[in-house]
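**Q** Protein sequence lines correspond, in order, to chains G, U, W and B. 1 is the number of the first residue of the first sequence in UniProt numbering; add one for each residue after it. 1 is the number of the first residue of the second sequence in UniProt numbering; add one for each residue after it. 1 is the number of the first residue of the third sequence in UniProt numbering; add one for each residue after it. 1 is the number of the first residue of the fourth sequence in UniProt numbering; add one for each residue after it. Got a structure for you, questions after.
Number of protein chains: 4
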Amino acid sequence: MYSFLYDYSEGCHPAILTALHESNLVQQPGYGDDVFSAAAKDLIKKEADAPHAHVYFVAGGTQTNLVVIHAALKSYEAVISADTGHINVNETGAIEATGHKILAIPSADGKITPAQIQEIADNYHHFPHVVKPAMVYISNATETGAIYSAEELKNISQCCRKNKLLLFMDGARLAAALCSEDNDLTLADIAQLTDVFYIGGTKNGALLGEAVVINNPALQEGFSFHLKQRGALLAKGRILGIQFRTLFSNQLFYQLATHANACAKAIAQAAISAGYSFLTKPQTNQLFIILPYDTIKKLQEKYAFYVWKKIDQDRACIRVVTSWATDKKMVDAFINDLKKS
Amino acid sequence: MYSFLYDYSEGCHPAILTALHESNLVQQPGYGDDVFSAAAKDLIKKEADAPHAHVYFVAGGTQTNLVVIHAALKSYEAVISADTGHINVNETGAIEATGHKILAIPSADGKITPAQIQEIADNYHHFPHVVKPAMVYISNATETGAIYSAEELKNISQCCRKNKLLLFMDGARLAAALCSEDNDLTLADIAQLTDVFYIGGTKNGALLGEAVVINNPALQEGFSFHLKQRGALLAKGRILGIQFRTLFSNQLFYQLATHANACAKAIAQAAISAGYSFLTKPQTNQLFIILPYDTIKKLQEKYAFYVWKKIDQDRACIRVVTSWATDKKMVDAFINDLKKS
Amino acid sequence: MYSFLYDYSEGCHPAILTALHESNLVQQPGYGDDVFSAAAKDLIKKEADAPHAHVYFVAGGTQTNLVVIHAALKSYEAVISADTGHINVNETGAIEATGHKILAIPSADGKITPAQIQEIADNYHHFPHVVKPAMVYISNATETGAIYSAEELKNISQCCRKNKLLLFMDGARLAAALCSEDNDLTLADIAQLTDVFYIGGTKNGALLGEAVVINNPALQEGFSFHLKQRGALLAKGRILGIQFRTLFSNQLFYQLATHANACAKAIAQAAISAGYSFLTKPQTNQLFIILPYDTIKKLQEKYAFYVWKKIDQDRACIRVVTSWATDKKMVDAFINDLKKS
Amino acid sequence: MYSFLYDYSEGCHPAILTALHESNLVQQPGYGDDVFSAAAKDLIKKEADAPHAHVYFVAGGTQTNLVVIHAALKSYEAVISADTGHINVNETGAIEATGHKILAIPSADGKITPAQIQEIADNYHHFPHVVKPAMVYISNATETGAIYSAEELKNISQCCRKNKLLLFMDGARLAAALCSEDNDLTLADIAQLTDVFYIGGTKNGALLGEAVVINNPALQEGFSFHLKQRGALLAKGRILGIQFRTLFSNQLFYQLATHANACAKAIAQAAISAGYSFLTKPQTNQLFIILPYDTIKKLQEKYAFYVWKKIDQDRACIRVVTSWATDKKMVDAFINDLKKS
């Protein structure tokens, strides 16, 4: 049984294990004040062309989201998100647990538009009886694999700045987005257009770790206090630094996502050839293919994947996820079995 | 410059890197539902003779403390702790950030007594105008290296049960405590005498990770929700499982702490021979040696350690920490330099 | 200028001032342990046929909502509400500030249905990655003046119990609901069908005060701690007790709402006669009348009311609120002016 | 049985009932936007010589404390308080429930000194592992009846400003302090020396209500959002405005406290004459008299008061509280009975 369930089914890219091995007995200060973290931060700031950014490493995505959002907002301020946003549906109320309301916007593919943001900004004015929208949260790639174009992101950024809303990009799958064939954004663009974003390691070949990049100086103050208070400051911060130093050396970060996307694309093209359609446009390493239940049943004999959603009596949408570790031979096998079915 | 600053200055024991390497491409479910975590949980439950316990792995100590305490308490309930307790002085108000008051008890060596607990239980009765004490938090070993004897822990446990107080042991340095020459407690004793405790990995040879052992069924319900909501549920939970499986195989967990304690003991004995005294009795891998400033200055040329506290005009207390990774040769060198000074 | 803006534009019914005057120098214990509060609680428990209920008095509605909901839910539990619910749109994120997510259900008139509740109960199962729905919040009358029938409430109650969801009724305008000509519920029915509800005083003739009635024993435990912790336990709790004792003596509570509803009905009938329609069916003391802008403009010369919502180029919906204090002569005057326009 | 238990045993000064009566049917906007509140704010700002202050009315003291402190602090910031402070011991963890740690300073009479504040400011520097002290909370009069002199307050204020600590005075019994014969502070002094303080109404003749005076512009922003979010914005805000307008007309505020203090002084002098001593120096309307148990027993036959604390085998300290409503005849009777015993 081969799993296309997640992009976190395996450990990490071997180069990371090597780096952990090589650095293992080097004594270093704790809590991220080590040379490996320093080197990783420099690499990221260079890649993002953001010399004045503050970079922090956090163990996981939910933790990153809750620390960043809570640190940025006043108690009575709210964050705008797609209703499909990870913070809104997959974090067990983590944001609300820090005290903040999420203002959810309907979305089909996980993306939101400036018009939707503007509508909320316009409607929330009956102060102080309503929360004050103060931040926009977007995911790139989204939870259903879509990506923002440079023009879309520029427009959102402009809309946010006009309305004094902070812009935060959840980049748990940022590598997949940046390596999509449809992408025309760079890390530097994102650094310029957002106030804060993070670069996912967990879903792109690291054992664990997300790199938060804070450009807005107002959000930099006191961030390490917030990390510590939420239990997000690891004693051996070095293990996050070592991983990101590795990912941002020799383009490994991009290579891993390019591989994942290529695997997904091969499957997507096979599905298209076989006449199948998609719930959302295939752009990154997550595919949402609509298949007959019979086909699904046959594929399930050899492959693990999520049955995402019932479409009609005869068909459902399945989610197929590829990763840096996806075996090309298993992709070919899956394609063959898809064609045969 | 050799560091005796922390017990988390290096990476991890090589056996852990080997285990990560060997398991690396095995596909497994996320969020702790993997075979490695399952095996590690079984090993821990067996070692603790606690077949009905629930075991969870968490990245770090502050996160563990805040999740456990918040999960166990009602909003208006408070936790009793030594004033020196990690939750009271070294977690940036993490417990209060989850909404709970800490009732601090004066302590010289980090330990508290049943009499002190009883006093709080007796004094807090002007309900509902005061918080309700509902949990006792103890650290073993304490933040200053002391350990609880079996009798002491039994008495605290009895006092807690009589007063309907939950008992939670912070075991960030539990290995050091269990491997102390003064120790007469087993993991099974601790499991029996507490409602919940955790076994520290970070400070005993893991890259990261603490294993929470919940014996009280009332505290088991909903714990995974709390973990997720606080951002403590790692996608690749396997990396914690793999490490604890390794630590609890072949007695590695105990071997590492025994080495750390032996290194500390050697230094302690040398200090005693040289006529120096201690702030707190040397029992585990943390020493608090009182030295003349001149001696400190000389030692600082070759070794890194904390100057913990001024004692008088001429002397200060330094903290020397050893670990699983401490080089025996450097211990000998330190002892030589101490004797010479 | 006469105001139809709110049902809290004036002070309180004169009988309450008299009661405050008469009791003024009687010495009583603080924090609700006074004889007036005791008497008021007895009257309410009798009226609600709920001898084992616990009754508490709280200064205002938002405070009541946040204390009740937070006291009832575990950290990872969420409350279901109409999207128009007061807790969702008019309390500045007060519920989220206590840590809980609101799961909002689309609603036109402020009411929700068992089918909608069931859908949420069915969809939230991907534990522990999503919040656990644990309570349903309904308003009666709703924020737009609609009421629940006995059958509707029975069905909701049944649905809640089947799904182990607590049922909480916000009764800020419960008097208006119970005195609606369409109503077939009694206070006793509500006590039986919900786990907890509150009876609004502020919007029915009191200076301030809401009476929380807790029937579910599981929700009674520790409630006074929650009140105190949220700053909701008034030193002079007597002033709330005195008011509710007055309201629940001689049917005053019902008389006041009957007056308010009658005033609203007279206006509603005039509007119908004049050929105007409503945004929501007139049932209580809040009317949402759709009028031409010209008419609105003329009425605004003499009367204050909210322009609630634009309907089209020519028309808007206005909100007209009557109360225990509404002057019948001003109602007649308004009707005349409405007819003329 | 006459009660010297509290200063909130009765309703309110008759002038307040008259004012409520006279204003009762005047229609006014809700939530504090009424003419009565506006007038009261003007009177307070004039009395405090603080034309740019923002003034808000809140129902009770605990609510005021939690809103002010939470509004002023960042998540990782802590408030310094005497260990006897109301926020530390009598509010069921209300401050911690908003997420903030209280740093308690030992105090005998409820007062703290600049040296104690400086010590905390000096000791908390191991950032970000410890909370950041950011505010000092003092009570005047203190919970045990002591008051700050002008010089003491100036020195505290100076110490706070030097250390970038906000200064907040809990004035639940500010009237008693300002009317003490030992007092040399004015409301204007307090406004100048603190960043925010509040003037207690509940314990000085109002039905309920505290007036928060915010001088520091940084603390003014968004305060009404905080009030609303914590359920502290009353729909009929007018009832607080009416009361404070009455208290600050014709010196009523001072007259009431002067009466309370005079009653206490008479009792204190009688106790001194009779050879009794005090736990804390009598300065305001709270006395802590040390009496033989026999005497206490006899007094308890006719008077209600708290037995505060056991002193030794034979004696205990009792708390006697007088108020605006204390009957001079009962004071004389108490004095007689005290002398006789």
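In this text, a Cβ means the ideal position worked out from N, Cα and C, and glycines have one as well.
1) Output needed for G209 (chain B): all residues of its chain with C-beta closer than 6 Å, excluding positions within five of it in sequence on either side, in chain order.
2) Give me the Cα-Cα distance between Y31 (chain W) and I80 (chain B), rounded to the nearest whole angstrom.
3) Kindly indicate which residue of B:A206, B:A146, B:N216, B:D170 has the alpha-carbon position closest to the one of D182 (chain B).
4) Go ahead and label G11 (chain U) buried or exposed: buried means 16 or more other beta carbons lie within 10 angstroms of its beta carbon, across all protein chains shown.
5) Within 10 angstroms of its Cβ, does M1 (chain W) collect 16 or more other Cβ (buried), or is it exposed?
6) Roughly how many angstroms lie between the CA atoms of G93 (chain W) and L219 (chain G), to the nearest whole one?
7) From G:H126, G:D314, G:A268, pick the residue whose C-alpha is nearest to that of W308 (chain W); which is it?
8) In terms of DSSP beta bridges, what is H54 (chain G) paired with?
9) Listing by chain order, which chain U residues have their CB less than 7 Å from the CB of Y76 (chain B)?
10) How would you call S149 (chain W), buried or exposed, if buried means at least 16 neighbouring beta carbons within 10 angstroms?
11) Given that a residue counts as buried once 16 or more other Cβ atoms are within 10 Å of its Cβ, and exposed if not, what is H70 (chain U)?
12) For N232 (chain U), collect the residues of the same chain with a Cβ closer than 6 Å to its Cβ; drop the 5 residues on either side in sequence, then sort them by chain order.
13) Looking only at its chain, what residues have a beta carbon closer than 7 Å to the beta carbon of T116 (chain B), apart from the 5 residues adjacent to it on each side?
14) I need the DSSP call for residue 367 (chain B), collapsed to helix, strand or coil.
15) Assign C179 (chain W) to one of three DSSP states: helix, strand, or coil.
16) Rounded to whole angstroms, how far is the Cβ of L338 (chain U) from the Cβ of A271 (chain U), which I believe are closer than 8 Å?
17) Using a Cβ distance threshold of 8 Å, determine whether the region 304-320 of chain U contacts the region 280-295 of chain U, with at least three qualifying pairs required.
18) Using 10 angstroms around the beta-carbon of E22 (chain G), count the other beta-carbons present and answer buried if the total reaches 16, otherwise exposed.
19) Tell me the rounded alpha-carbon separation between L207 (chain B) and G205 (chain W).
20) With DSSP as the reference, label E77 (chain G) as helix, strand or coil.
21) What are the boundary residues of the alpha helix (DSSP H) that A40 (chain U) is part of?
22) Can you name, in chain order, every residue of its own chain whose Cβ lies under 8 Å from the Cβ of Q158 (chain G), other than the five neighbours on each side?
23) Beta-carbon within less than 7 Å of A15 (chain G)'s beta-carbon, same chain only, minus the 5 sequence neighbours each way: which residues are those?
24) Per DSSP, which one or two residues make a beta bridge with K310 (chain W)?
25) Between R230 (chain B) and the rest of its own chain, which residues show a CB-CB distance below 6 Å, the 5 nearest in sequence each way excluded?
26) Which residue from G:E152, G:I87, G:D189, G:P29 puts its Cα closest to that of A48 (chain G)?
27) For V67 (chain G), does the three-state DSSP call read helix, strand or coil?
28) Which residue's Cα is closest to the Cα of K45 (chain W): W:A134, W:Q27, W:V212?
29) Expressed to the nearest angstrom, what Euclidean distance is found between the alpha-carbon atoms of K310 (chain B) and D42 (chain W)?
30) If distances are taken between C-alpha atoms only, which option among G:Y198, G:D122, G:N336, G:H100 comes closest to residue 394 (chain G)?
31) Skipping 5 residues on each side, what residues in its chain have a beta carbon closer than 6 Å to that of V130 (chain B)?
32) Please report how far the alpha carbon of V331 (chain U) lies from the alpha carbon of T18 (chain U), in whole angstroms.
33) Please report the distance separating the alpha-carbon of I156 (chain W) from that of E221 (chain U).
34) Mind checking if E301 (chain G) is an interface residue toward chain U, Cβ cutoff 9 Å exclusive?
35) Return the residue from the list W:I138, W:R238, W:Q269 that minimises the CA-CA distance to Q27 (chain W).
36) Taking the alpha carbon of F36 (chain U) as the reference point, which residue from U:L153, U:F248, U:A266 has its own alpha carbon closest?
**A** So, to answer that:
1) The sequence position of residue 209 (chain B) within the fourth sequence is 209, counting from 1. Here the set comprises F57, G201, L240, Q243.
2) Position 31 of the third sequence, counted from the first residue, corresponds to residue 31 (chain W). Position 80 of the fourth sequence, counted from the first residue, corresponds to residue 80 (chain B). Their backbone Cα atoms lie some 27 Å apart in a straight line.
3) The residue labelled residue 182 (chain B) in the question sits at position 182 within the fourth sequence. Of B:A206, B:A146, B:N216, B:D170, the residue nearest in Cα terms is B:A146.
4) As a working note, residue 11 (chain U) is residue 11 in the second sequence. Residue burial annotation: G11 (chain U) is buried, with at least 16 other C-beta atoms found within 10 angstroms of its C-beta.
5) For the purposes of this step, residue 1 (chain W) is identified with residue 1 of the third sequence, where counting begins at 1. It counts as exposed.
6) Taking the first residue of the third sequence as 1, we reach residue 93 (chain W) at position 93. Taking the first residue of the first sequence as 1, we reach residue 219 (chain G) at position 219. Annotation: G93 (chain W) to L219 (chain G) spans about 22 Å, alpha carbon to alpha carbon.
7) Position 308 of the third sequence holds residue 308 (chain W). Ranking G:H126, G:D314, G:A268 by Cα distance to W308 (chain W) puts G:H126 first.
8) In the first sequence, counting from the first residue as 1, residue 54 (chain G) sits at position 54. Per DSSP, G:I214.
9) The sequence position of residue 76 (chain B) within the fourth sequence is 76, counting from 1. For Y76 (chain B), the chain U residues whose C-beta falls within less than 7 Å of its own C-beta are T92, G93, listed in chain order.
10) Counting from one through the third sequence, the residue named residue 149 (chain W) turns up at place 149. Classification of S149 (chain W): exposed, given that the 10 Å Cβ count is below 16.
11) Along the second sequence, one-based indexing puts residue 70 (chain U) at 70. Counting Cβ neighbours within 10 Å, H70 (chain U) comes out buried, since at least 16 surround it.
12) Here the question's residue 232 (chain U) lines up with position 232 in the second sequence. For clarity, residue 232 (chain U) is Ala in the given sequence; the question names Asn instead. Cβ neighbours of A232 (chain U) beyond the five flanking positions: V58, Q63, V67.
13) Within the fourth sequence, numbered from 1, the residue matching residue 116 (chain B) stands at position 116. The question names Thr, yet the displayed sequence has Gln at residue 116 (chain B). Cβ contact annotation for Q116 (chain B) (same chain, cutoff 7 Å, sequence separation greater than five): I105, in chain order.
14) Limits of chain B in this structure are 1 at one end and 341 at the other, which puts residue 367 (chain B) out of reach.
15) Counting from 1 along the third sequence, the entry for residue 179 (chain W) is found at position 179. Of the three classes helix, strand and coil, the one that applies to C179 (chain W) here is coil, per DSSP.
16) In the second sequence, residue 338 (chain U) corresponds to position 338, counting from 1. In the second sequence, residue 271 (chain U) corresponds to position 271, counting from 1. Going by Cβ atoms, the distance from L338 (chain U) to A271 (chain U) rounds to 6 Å, so yes, they are a contact pair.
17) With a cut-off of 8 Å on Cβ pairs, the region 304-320 of chain U is in contact with the region 280-295 of chain U, counting three or more such pairs.
18) Residue numbering aside, residue 22 (chain G) sits at position 22 when the first sequence is read from its first letter. E22 (chain G) sits exposed, since fewer than 16 C-beta atoms from the chains shown fall within 10 Å of its C-beta.
19) Counted from its first residue, the fourth sequence places residue 207 (chain B) at position 207. Counted from its first residue, the third sequence places residue 205 (chain W) at position 205. Taking the straight line joining both Cα atoms gives about 17 Å.
20) Residue 77 (chain G) sits at position 77 when you count from the first residue of the first sequence. Of the three classes helix, strand and coil, the one that applies to E77 (chain G) here is strand, per DSSP.
21) Within the second sequence, numbered from 1, the residue matching residue 40 (chain U) stands at position 40. Start and end: 35-47.
22) Position 158 of the first sequence, counted from the first residue, corresponds to residue 158 (chain G). Non-local C-beta neighbours of Q158 (chain G) in its own chain, meaning closer than 8 Å and more than five positions away in sequence, comprise P114, ordered along the chain.
23) Position 15 of the first sequence, counting from 1, holds the residue named residue 15 (chain G). In the same chain as A15 (chain G), and ignoring 5 residues on each side of it, the C-beta atoms closer than 7 Å to its own belong to T246, L252, in chain order.
24) The sequence position of residue 310 (chain W) within the third sequence is 310, counting from 1. According to DSSP, K310 (chain W) bridges with W:A316.
25) Counted from its first residue, the fourth sequence places residue 230 (chain B) at position 230. Cβ contact annotation for R230 (chain B) (same chain, cutoff 6 Å, sequence separation greater than five): V67, in chain order.
26) For the purposes of this step, residue 48 (chain G) is taken as residue 48 along the first sequence, with counting starting at 1. Residue nearest to A48 (chain G) within the set G:E152, G:I87, G:D189, G:P29 is G:D189 (criterion: CA-CA distance).
27) Translated into the one-based positions of the first sequence, residue 67 (chain G) becomes position 67. It is helical.
28) Position 45 of the third sequence, counted from the start, is the residue given in the question as residue 45 (chain W). Residue W:V212 is the option with its Cα nearest to K45 (chain W).
29) Mapped onto the fourth sequence, residue 310 (chain B) falls at position 310. Mapped onto the third sequence, residue 42 (chain W) falls at position 42. The alpha-carbon atoms of K310 (chain B) and D42 (chain W) are separated by roughly 38 Å.
30) No answer is possible for residue 394 (chain G): the residues shown for chain G start at 1 and end at 341.
31) Residue numbering aside, residue 130 (chain B) sits at position 130 when the fourth sequence is read from its first letter. Once the five neighbours on either side are set aside, the close Cβ partners of V130 (chain B) are Y124.
32) On the second sequence, position 331 is the one that residue 331 (chain U) refers to. On the second sequence, position 18 is the one that residue 18 (chain U) refers to. In a straight line, the C-alpha of V331 (chain U) is about 27 Å away from that of T18 (chain U).
33) Sequence index remark: in the third sequence, residue 156 (chain W) carries index 156 (1-based). Sequence index remark: in the second sequence, residue 221 (chain U) carries index 221 (1-based). When rounded, the separation of the alpha-carbon atoms in I156 (chain W) and E221 (chain U) is 27 Å.
34) The residue given as residue 301 (chain G) occupies position 301 in the first sequence. Not one chain U Cβ lies under 9 Å of E301 (chain G).
35) Counted from its first residue, the third sequence places residue 27 (chain W) at position 27. When only C-alpha atoms are compared, the closest one is W:R238.
36) Locating residue 36 (chain U) in the second sequence gives position 36, where the first residue counts as 1. It is U:F248 whose Cα lies nearest to the Cα of F36 (chain U).
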